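I have placed the structure first, in the form of structure tokens, so that the comments after it can refer back to it.
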Amino acid sequence: MGPESALYLAISQVPSGRVCTYGAIARLAGLPNRARWVGRILSRLPQDSTLPWHRIINSQGRISLPGERGSFQRQRLEQEGITFRNDRVNLRQFGWNLHPPSN
DNA sequence: GATGTGACGAAAG
DNA sequence: TCTTTCGCCACAT
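In the working numbering, the protein residues as written are 907 to 1009.
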């Protein structure tokens, strides 16, 4: 299984109503220190993708997408019950598998 | 090769 | 809690 497949699998396993950071999802995909790589892949995702890309946010609990796209992502998250306070998500409440065992 | 740029992250102050 | 700084890596110029 290539690294991209592992990435898609990891993202698909983030439950509704939870979020995961770029760095954490990279680790789950077996590629630590590759948060930027995750962002690059997601930026090229087809618009009709069923992947829950909106559940991936940065380590500060903030949405990395600018402008209209960012608003859309936030809307998707709020739709799942995730609340924002000053443009920020409480990772302790909504974060999922942020520090998984290295194995 | 050098440089700049991203849906990034962590540490320092 | 901010902002800065640096590490990181694929890609375009």
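Just so it is clear, CB atoms sit at the ideal spot from N, CA and C, and this is done for glycine as well. It should be emphasised that the depicted structure is a prediction, and the values quoted were computed from it without experimental measurement.
task = State whether the segment 984-1002 contacts the segment 907-916, with contact taken as three or more CB pairs (one from each stretch) at a distance under 8 Å.
result = no
Selection from 929, 907 and 915 that minimises the alpha carbon distance to residue 1001 = As a first step, residue 1001 is located in the first sequence; it is residue number 95 there, counting from the start. Comparing Cα positions, the closest option is 929.
inquiry  = Along the chain, where does the alpha helix (DSSP H) containing residue 915 start, and where does it finish?
reply    = Counted from its first residue, the first sequence places residue 915 at position 9. That run of the alpha helix (DSSP H) goes 909-918.
inquiry  = What would DSSP say about residue 1002, mapped onto helix, strand or coil?
reply    = Numbered from its first residue, the first sequence carries residue 1002 at position 96. Residue state, collapsed to three classes: coil.
Secondary structure of residue 963, DSSP reduced to three states = On the first sequence, residue 963 is found 57 positions in, with the first residue counted as 1. Three-state result, residue 963: strand.
query = At which residues does the alpha helix (DSSP H) containing residue 934 begin and terminate?
reply = One-based indexing of the first sequence puts residue 934 at position 28. Start and end: 928-934.
ask   = For residue 967, which residues of its own chain have a beta-carbon under 7 Å away from its beta-carbon, when the five flanking residues on both sides are left out?
value = Within the first sequence, the letter at position 61 stands for residue 967. Contacts found: 994, 995, 996 and 997.
request  = Express the C-alpha separation of residue 931 and residue 942 in angstroms, rounding to a whole number.
outcome  = Within the first sequence, residue 942 is the residue found at index 36, counting from 1. Within the first sequence, residue 931 is the residue found at index 25, counting from 1. Taking the straight line joining both Cα atoms gives about 11 Å.
key: Alpha carbon of residue 920 to alpha carbon of residue 926, nearest angstrom   = Taking the first residue of the first sequence as position 1, residue 920 is located at position 14. Taking the first residue of the first sequence as position 1, residue 926 is located at position 20. Near 7 Å, if we compare the C-alpha coordinates of residue 926 and residue 920.
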